[in-house]
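Undergrad: Just so we're aligned, residue 1 is where the sequence shown starts under my numbering, counting upward by one.
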Amino acid sequence: MSGINYSEKIPNNVNLSEDRTLQRALEHWQPNYLSWWQDMGPDGSQNFDVYLRTAVSVDPQGWAQFGHVKMPDYRWGIFLNPGEADRKIHFGDHKGESVWQDVPGEYRANLRRISVTQGDTEPASVEQQRHLGLTAPSQYDLRNLFQVNVEEGRHLWAMVYLLHKYFGRDGREEAEALLERRSGQEDNPRILQAFNEATPDWLSFFMFTYFTDRDGKFQLCALAESSFDPLARTTKFMLTEEAHHMFVGESGVGRVITRTAQMMNELKTDDVAKLRAAGVIDLPTIQRYINFHFSVTIDLFGADESSNAATFYSTGLKGRYEEGKRTDDHVLKGQTYRVLEVRNGQLVEKEVPMLNALNEVLRDDYIRDSIAGIERWNKILEKAGISFRFKAPHKAFHRNIGALAGVKVNLEGQVISEAEWKARVDEWLPTAADRAFVASLMGRCVEPGKFANWIAPPVIGINRQPVDFEYVRFN
Ligand SMILES: [Fe+2]
Ligand SMILES: [Fe+2]
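1. Shorter than 7 angstroms, the distance from the beta carbon of E127 to the closest heavy atom of ligand 1, or not?
2. Figure out for me which residue from L132, L179, K236, G385 has the closest Cα to the Cα of Q30.
3. Which partner residues does A55 have in the DSSP bridge list?
4. Alpha carbon to alpha carbon, what distance is there between L34 and S17?
5. Among residues of its own chain, excluding the 5 on either side of T121, which ones have a beta-carbon nearer than 6 angstroms to its beta-carbon?
6. Give me the Cβ distance between T54 and Q38, rounded to the nearest whole Å; I'm assuming they're in contact under 8 angstroms.
7. Is DSSP giving M1 helix, strand or coil here?
8. According to the neighbour-count rule (16 or more other Cβ atoms, all chains shown, within 10 Å of its Cβ), is Q219 buried or exposed?
9. Within 10 angstroms of its Cβ, does S387 collect 16 or more other Cβ (buried), or is it exposed?
10. What are the complete alpha helix (DSSP H) segments, minimum 4 residues, inside the segment 164-209?
11. Short of 6 angstroms in beta carbon distance, which residues of its chain neighbour A392, apart from the five on each side in sequence? Order them along the chain.
12. According to the Cβ coordinates, are S226 and G319 closer than 8 angstroms?
13. Which class does S295 belong to by DSSP, given the choice of helix, strand or coil?
14. Is the beta carbon of L340 closer than 8 angstroms to that of D304?
15. With distances taken Cα to Cα, identify the nearest neighbour of S138 among R255, E418, F397.
16. Does the pairing of the segment 308-323 with the segment 412-425 give three or more beta-carbon distances under 8 angstroms?
17. Tell me, which residues are paired with I78 by DSSP?
18. Which whole-angstrom value is the C-beta distance of R363 and K350, which I expect to be below 8 angstroms?
19. So what's W100 in DSSP terms, helix, strand or just coil?
20. Restricting to Cα atoms, I'd like to know which of F91, A158, G105, Y6 is closest to F79.
21. Pull up the distance between the alpha-carbon of L192 and that of K268, whole angstroms please.
22. May I ask you to report which of helix, strand or coil DSSP gives D49?
23. Under the criterion of a Cβ to heavy atom distance below 7 angstroms, does M159 qualify as lining ligand 1?
24. If you draw a straight line from the C-alpha of H155 to the C-alpha of M238, how long is it?
25. Any idea what DSSP makes of E84, helix, strand or coil?
26. Can you tell me whether I460 is buried or exposed? The criterion is at least 16 other CB atoms within 10 Å of its CB, across all chains shown.
27. Tell me the residue span of the beta strand (DSSP E) that contains E427.
28. Below 6 angstroms CB to CB, which residues in the same chain sit around Y161 once its five sequence neighbours on both sides are set aside?
29. Report the residue from F312, L381, G92 whose alpha carbon sits nearest the alpha carbon of Q262.
30. Closer than 7 angstroms by C-beta to M1: which residues in its own chain qualify, once you throw out the five before and the five after it? Chain order, please.
31. In chain order, what residues of the same chain have a beta carbon less than 7 angstroms from the beta carbon of Q90, not counting five sequence neighbours either side?
32. Any contact of the segment 390-408 with the segment 242-250, i.e. 3+ C-beta pairs under 8 angstroms?
33. I'd like to check one pair, R259 with W454: are the Cβ atoms closer than 8 angstroms?
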């Protein structure tokens, strides 16, 4: 069952041809998807042949096949991880019962909402990134951008399949609406705010794939625990694709840092103006980008106290990150967790029922994981003999959701006045001048093996190809 049938119009490993109604509905959605891709997918890329990986099976080994593909001909399809025999629900009030192969009526609205919210992020990021191909720092990077884009498109397919198959007419309507909302559009924006922010330059792209695709990882991991088995199986396969997106982000930021460190050593300076004049991105600017993307992304986990989060968990719709590895009772009634609030002008912790704090639990898991990568970036500086260190901001910094929304907090977690915030925000978040400087470096550099001045080449190529491989044929 893990082989994928590519002879059908919609490649799949779900025996789509056995369900004619569903097949017809999805074949009806397909041209709408393609016209969305034409309008909102990577700008000017229609005629390129790109060295892409395509899923050929969902086995952990060897699911990917590499080859040059004209992007609009990429075979988007429906791939689910194989089902586990006798899988049991392992958390919440239904713990111990068999998982559901269909949507229980009482959970229909919530499961639909979960699928739509996840599905909406996928085309959103393609829209956010659609102009970046015009300023790619290398062919290697251009190829990685396109790989991420086609896979986000496939993730949309994954959620649309669930909506069509399990949610009837409402599901079909939601699937249409996923192609109608637009990132950043005022009258019909994407659902979550981080997916309405612009991704104007490649430093933002690398930050986005490091921080925001990692939010995707944590959300998908929580959904991979779901008692609704088709959701668990589809998100498990999405996770295997997500790993590459985060690699693109981590290695991309790492290569920017490597290049800046080289220049700092060459010029023996940490003077921002001199480094900018030399055409590299100074470390304080990179830090401000980190502060922005980190804070905007942790908002995606939602309010620190949420009765919805409790309901999603107790009813078995959405688990915790690595639910199966945890040693508690997986029901969590009577347990508590600490969240932050402001009391007398200070951040203080308070204990709340853990079930209500599950957004915060997932956010804290995410923070631990993303800080680990920041430490790996610091290793690059350490090796280069540079004393500057990157640091994640305090989790209350620059928040817009939950108890901390609107509270002004500095990078260290001290509550500050509006006036102090205004006076110092330019040290903490990218300024218009920072963004203009980064934008000024962006220029198309696409000869095989050539890299823009502000970024170091990768250590190895994709699929063990050489770094100067022709990853994109422009025709
Ligand atoms: Fe995705
Ligand atoms: Fe992703």
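Don't be surprised by glycine CBs; every beta carbon is placed ideally from N, CA and C. Because the structure is a prediction, the values reported are computed rather than measured.
TA: So, to answer that:
1. Start at 1 with the first residue of the sequence shown, and residue 127 comes out as number 127. With a threshold of 7 angstroms, the Cβ atom of E127 does not count as near ligand 1, since no heavy atom of the ligand is closer than that.
2. Translated into positions along the sequence shown, residue 30 becomes position 30. Nearest C-alpha to Q30: L179.
3. Within the sequence shown, residue 55 is the residue found at index 55, counting from 1. Partner(s): A64.
4. Numbered from its first residue, the sequence shown carries residue 17 at position 17. Numbered from its first residue, the sequence shown carries residue 34 at position 34. Taking the Cα positions, S17 is about 21 angstroms away from L34.
5. If you number the sequence shown from 1, residue 121 lands on position 121. The beta carbon of T121 sits closer than 6 angstroms to those of F195, all from its chain and outside the five residues before and after it, given in chain order.
6. In the sequence shown, counting from the first residue as 1, residue 54 sits at position 54. In the sequence shown, counting from the first residue as 1, residue 38 sits at position 38. Not quite, the Cβ-Cβ distance comes to about 20 angstroms (not below 8 angstroms), so this is no contact.
7. What you label residue 1 is simply residue 1 of the sequence shown in a count that begins at 1. Only weak support exists for where M1 lies, its pLDDT of 42 falling under 50; the coordinates are left without a value.
8. Within the sequence shown, residue 219 is the residue found at index 219, counting from 1. Q219 should be labelled buried.
9. In the sequence shown, the residue the question calls residue 387 occupies position 387. So S387 ends up on the exposed side.
10. Every unbroken stretch of the alpha helix (DSSP H) spanning 4 or more residues and falling wholly within the segment 164-209 is given here in chain order: 168-180, 202-207.
11. Indexing the sequence shown from 1 puts residue 392 at position 392. Taking A392 as the centre and dropping the five residues before and after it, the same chain places the C-beta of F294, I371, I374 closer than 6 angstroms to its C-beta, in chain order.
12. Here the question's residue 226 lines up with position 226 in the sequence shown. Here the question's residue 319 lines up with position 319 in the sequence shown. Less than 8 angstroms divides the Cβ of S226 from the Cβ of G319.
13. The count along the sequence shown starts at 1 and reaches residue 295 at position 295. Reduced to three states, the DSSP call for S295 is helix.
14. Position 304 of the sequence shown, counted from the first residue, corresponds to residue 304. Position 340 of the sequence shown, counted from the first residue, corresponds to residue 340. Yes, the pair counts as a contact, with Cβ atoms nearer than the cut-off.
15. The count along the sequence shown starts at 1 and reaches residue 138 at position 138. Nearest Cα to S138 within the set R255, E418, F397: R255.
16. The answer is no - the segment 412-425 does not touch the segment 308-323, with fewer than three Cβ pairs under 8 angstroms.
17. In the sequence shown, residue 78 corresponds to position 78, counting from 1. Paired residues: N12.
18. Along the sequence shown, read from residue 1 onward, the residue named residue 363 stands at position 363. Along the sequence shown, read from residue 1 onward, the residue named residue 350 stands at position 350. At roughly 16 angstroms, the Cβ-Cβ gap does not stay under 8 angstroms, so R363 and K350 are not in contact.
19. One-based indexing of the sequence shown puts residue 100 at position 100. Three-state result, W100: strand.
20. Residue mapping note: residue 79 aligns to position 79 of the sequence shown, counting from 1. When the alpha-carbon of F79 is set against those of F91, A158, G105, Y6, the nearest one is in A158.
21. In the sequence shown, the residue the question calls residue 192 occupies position 192. In the sequence shown, the residue the question calls residue 268 occupies position 268. Answer to the nearest angstrom: the Cα atoms are 43 angstroms apart.
22. Within the sequence shown, residue 49 is the residue found at index 49, counting from 1. D49 falls in the strand class under three-state DSSP.
23. Indexing the sequence shown from 1 puts residue 159 at position 159. No.
24. By one-based count along the sequence shown, residue 155 stands at place 155. By one-based count along the sequence shown, residue 238 stands at place 238. One C-alpha to the other measures close to 7 angstroms.
25. The sequence position of residue 84 within the sequence shown is 84, counting from 1. Three-state result, E84: coil.
26. As a working note, residue 460 is residue 460 in the sequence shown. Exposed: under 16 other Cβ atoms inside 10 Å.
27. Walking along the sequence shown from the start, residue 427 turns up at place 427. Segment 418-428 is the alpha helix (DSSP H) holding E427; no beta strand (DSSP E) there.
28. Translated into positions along the sequence shown, residue 161 becomes position 161. Once the five neighbours on either side are set aside, the close Cβ partners of Y161 are I78.
29. Indexing the sequence shown from 1 puts residue 262 at position 262. Between Q262 and the set F312, L381, G92, the nearest pair of CA atoms involves L381.
30. The count along the sequence shown starts at 1 and reaches residue 1 at position 1. Reliability fails at M1, whose pLDDT of 42 lies under 50, so the model's placement of it is uncertain and the value that follows must be treated cautiously. Excluding positions up to five away in sequence, the list reads N13, P82.
31. Here residue 90 refers to the residue found at position 90 when the sequence shown is read from its first residue. The sequence shown places His at residue 90, rather than the Gln named in the question. Excluding residues within five positions, the ones whose Cβ falls inside 7 angstroms are E323, G324, H330.
32. In this structure the segment 390-408 does not lie against the segment 242-250, because fewer than three pairs of beta carbons, one per stretch, are closer than 8 angstroms.
33. Taking the sequence shown and counting its residues from 1, the one referred to as residue 454 is at position 454. Taking the sequence shown and counting its residues from 1, the one referred to as residue 259 is at position 259. Yes, the pair counts as a contact, with Cβ atoms nearer than the cut-off.
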